[in-house]
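Reviewing the structure listed below.
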RNA sequence: GGGCCUGUAGUUCAACUGGUUAGAGCACCGCCCUGUCACGGCGGAAGUUGCGGGUUCGAAUCCCGUCAGGCCCGCCA
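Numbering (the numbering used here), first residue to last: 1 to 597.
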């Protein structure tokens, strides 16, 4: 029986005889004395074996190699004064191996080195194929542990301090309109019919409020069949919450306590409260995005009114066609950013173009308020306009002003991306800062020009702001997002609980009463039997783990993630199946899988 | 669906403008070494340059296709 984890041995254990199990992290053979670093999930401890002091274990120590699994029985000893290792938590002690038992050898060459001391990067493709070895390494082991600690902190807070009850909701459920593409599964028993995997437990958690559960939460697996990104996986985990009889302010306050509890218990970080709040309109105006990273400044400044009558057609035309002109002022930008980069072909021009901008106008502010720009702008700028621009943007000598002019969406998207790119480049982001803020008052709907219809921005169960009941298409929603360092970490809303309002919303998004009954009839009917006002929120748990771990990819927050092509390199899923299985499921394929390399 | 990047020994990388035997660190194997902790020393084995085709006297290098991985756009209520 194991008496200690390797990584837990300290000076206080000196003199004890211990039994350890673990992997050989590294082996140092001095031709007479052999040192083994024995590793388990808690850390490493140095094992010593030599022919004189430990004659029984020496022949075994001679044979074993890196990553062998062994059992070691021995005496915990204080290291000689000159051999202390302050780099290791266990560095004051070592274990003389009276006995080493080889439990499992490495029979093949390791695909990569596991050792804690190894810092060379490994191709992600390999890491994913041999994920069990990757998880053996310190970085991923630490990330998995962090994930566990975060979830533990969530459960402790929600259950012990806030009265939440965890309920599991179905994985086999029904497909719903709106939102992401569903993963669907054929039903063998019900010929020709299909289950869908949940995109979120949205409807069930609302039903649980009708059930009187009052406060529900779940660490819920969700599935969306959309293309992957560094921060998106087809299956991912939400912290899903729903609560009754609480208004927005109460929900946000409770969630701030939750988030603070997580950071405090897991990382010892005390977050400033309350979290700043921005309305959606304010966020878009000042940052051009609904998830601003406010660890740095570089705020956008609207100058439409100053330049609407400009002789420069790009400016006046943007206003004439209902758009906007905004400026991204960059202090010190004159030195940092060359003209070549702003002009067509330059990298910043490309960033702007990718966001839909047709061009990228700029003004350089020189000493004494002189400006430097292309003739077409300079020649069309009155002294008053120039003065107003300098004052409004707070430009100082050395400042670079980047202009976005055109449709509001494009201007915002362009300047948002430029803002982020330049903040990274100018090193304005403090990586140690934890920046959390709420964005509130989202619009209920946005116009989908392609399909010529209104779409719910959040989802169709989101309650409209009571002050905006006159014209729901223009209404604000009682919806809120939690933004962490520029990432959307969570989002939620108060829900509609009056059937009449729900019917209006369905009508606006073009869902007929028949369709609504067909898809959501069970929910609408449930609301006929006494429904508490309720609302909730869902957090992207993988994303939270990623950010708290300081990782760039959500894959590093998940034990067994998919590649960008939505494949599992470890299990080779997805795979073809036996035609008999398909027949049983009443399914006929229309494509054959391409052969795998 | 589209754009960009990457693929060379087990691994991380190198290899000039296309040039003759594709190198190095770590890992692996062998020998030596009793206080190292990324131990050290000597030696060794290890390559279908992702795959297929083309250009060329000659291709890791250039071209086409393809497979795989990554980043992004579209998409993701």
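The C-beta atom is built at its ideal place from N, Cα and C for all residues, glycine as well.
To the nearest angstrom, report how far apart residue i and residue j are at their CA atoms.
{"i": "residue 265", "j": "residue 152", "result": "10 Å"}
{"i": "residue 202", "j": "residue 359", "result": "42 Å"}
{"i": "residue 412", "j": "residue 400", "result": "18 Å"}
{"i": "residue 332", "j": "residue 398", "result": "5 Å"}
{"i": "residue 311", "j": "residue 304", "result": "13 Å"}
{"i": "residue 38", "j": "residue 134", "result": "18 Å"}
{"i": "residue 597", "j": "residue 132", "result": "Per-residue confidence for residue 597 stands at a pLDDT of 44, beneath the threshold of 50, marking its modelled position as unreliable; the derived number appears in the next sentence. Straight-line Cα distance between these residues: approximately 22 Å."}
{"i": "residue 526", "j": "residue 488", "result": "31 Å"}
{"i": "residue 408", "j": "residue 321", "result": "10 Å"}
{"i": "residue 166", "j": "residue 233", "result": "24 Å"}
{"i": "residue 8", "j": "residue 69", "result": "18 Å"}
{"i": "residue 343", "j": "residue 289", "result": "24 Å"}
{"i": "residue 576", "j": "residue 150", "result": "37 Å"}
Less than 6 Å between C-beta atoms, sequence neighbours within five positions excluded: which residues of the same chain meet that for residue i?
{"i": "residue 302", "result": "326"}
{"i": "residue 315", "result": "307, 325 and 405"}
{"i": "residue 19", "result": "2, 3 and 73"}
{"i": "residue 28", "result": "35"}
{"i": "residue 553", "result": "230"}
{"i": "residue 453", "result": "510"}
{"i": "residue 169", "result": "201 and 204"}
Between which residues of its own chain and residue i is the CB-CB distance below 7 Å, once the five residues before and five after are set aside?
{"i": "residue 386", "result": "371"}
{"i": "residue 296", "result": "423, 428 and 429"}
{"i": "residue 84", "result": "91 and 92"}
{"i": "residue 186", "result": "194, 585, 586 and 587"}
{"i": "residue 209", "result": "242, 244, 532 and 534"}
{"i": "residue 364", "result": "334, 371, 372, 373 and 400"}
{"i": "residue 60", "result": "100 and 102"}
{"i": "residue 395", "result": "329, 365 and 401"}
Determine the contact status of residue i and residue j, defining contact as a CB-CB distance below 8 Å.
{"i": "residue 240", "j": "residue 220", "result": "yes"}
{"i": "residue 493", "j": "residue 458", "result": "yes"}
{"i": "residue 47", "j": "residue 97", "result": "yes"}
{"i": "residue 197", "j": "residue 564", "result": "no"}
{"i": "residue 437", "j": "residue 276", "result": "yes"}
{"i": "residue 442", "j": "residue 469", "result": "no"}
{"i": "residue 13", "j": "residue 76", "result": "yes"}
Check each candidate in the options and name the one with the smallest Cα separation from residue i.
{"i": "residue 127", "options": "576, 555 and 582", "result": "555"}
{"i": "residue 141", "options": "549, 573, 579 and 587", "result": "549"}
{"i": "residue 338", "options": "440, 355 and 362", "result": "362"}
{"i": "residue 471", "options": "357, 491, 505 and 516", "result": "505"}
{"i": "residue 138", "options": "129, 121, 158 and 116", "result": "116"}
{"i": "residue 559", "options": "108, 499 and 237", "result": "237"}
{"i": "residue 25", "options": "109, 415, 251 and 118", "result": "118"}
{"i": "residue 41", "options": "51, 17 and 144", "result": "144"}
{"i": "residue 551", "options": "520, 66, 146 and 235", "result": "146"}
Closer than 8 Å by C-beta to residue i: which residues in its own chain qualify, once you throw out the five before and the five after it? Chain order, please.
{"i": "residue 350", "result": "none"}
{"i": "residue 434", "result": "263, 269, 271, 484 and 485"}
{"i": "residue 567", "result": "573 and 574"}
{"i": "residue 655", "result": "Past the edges of the chain, shown from 1 to 597, lies residue 655, and the structure says nothing about it."}
{"i": "residue 547", "result": "484, 485, 487 and 489"}
{"i": "residue 278", "result": "286, 292, 437, 438, 439 and 440"}
{"i": "residue 578", "result": "none"}
{"i": "residue 410", "result": "323, 355, 356, 357 and 404"}
{"i": "residue 33", "result": "48, 49 and 50"}
Counting only runs that start and end within the region 184-233, where is the alpha helix (DSSP H) found for 4 or more residues in a row?
-> 202-210
Please go through the region 127-152 and give each complete alpha helix (DSSP H) segment of 4 or more residues, from N-terminal end onward.
-> 131-134
At 3 residues or longer, and completely inside the region 12-41: list those beta strand (DSSP E) runs for me, N to C.
-> 17-29 and 34-40
Where are the beta strand (DSSP E) runs, 3 residues long or more, that stay fully inside the region 300-367, in chain order?
-> 324-330 and 361-365
Quick one: complete alpha helix (DSSP H) runs, 4+ long, within the region 358-441?
-> 375-378, 383-393 and 408-425
If you scan the region 39-87 from start to end, which runs of the beta strand (DSSP E) of 3 or more residues do you find wholly inside it?
-> 43-49 and 69-78
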